[in-house]
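Residue numbers (our numbering): 263 to 366.
See structure below.
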């Protein structure tokens, strides 16, 4: 009877250990995948911000530091909207007004 109990106990311990190891591996894999996805998304937003800043300079001249700082807070969708709206802007005040309404 003792041999069976020892075998059962060892089996349980091995099962627990394997479960822990698999859980850790899956957690690491998911963490890596999420990190990669977040990095890609941040990269896309950085590219959008750079493009918008260049468009503002071409459209209305220099970008005021506070305008640039506010643009950094925009979501990807808001950056897309700003890119479209820029086509109608003629002054930096237009950009500021748009940002004020978007960030309100």
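Beta carbons are placed, not taken as given, at the ideal position from N, Cα and C, and that holds for glycine.
In the three-state scheme derived from DSSP, where H, G and I count as helix and E and B as strand, residue 309 is classed as helix. When Cβ pairs closer than 8 angstroms are counted between the two stretches, the segment 280-291 is seen not to touch the segment 315-334, the count staying below three. Take residue 354, set aside five residues on each side of it, and the residues of its chain with a beta-carbon closer than 6 angstroms to its own are 322, in chain order. DSSP places residue 348 in no alpha helix (DSSP H); its state is neither H nor E. Cβ neighbours of residue 338 within its own chain (closer than 8 angstroms, five residues either side excluded): 303, 306, 307, 310. With a 10 Å radius around the Cβ and a threshold of 16 neighbouring Cβ atoms, residue 333 comes out buried.
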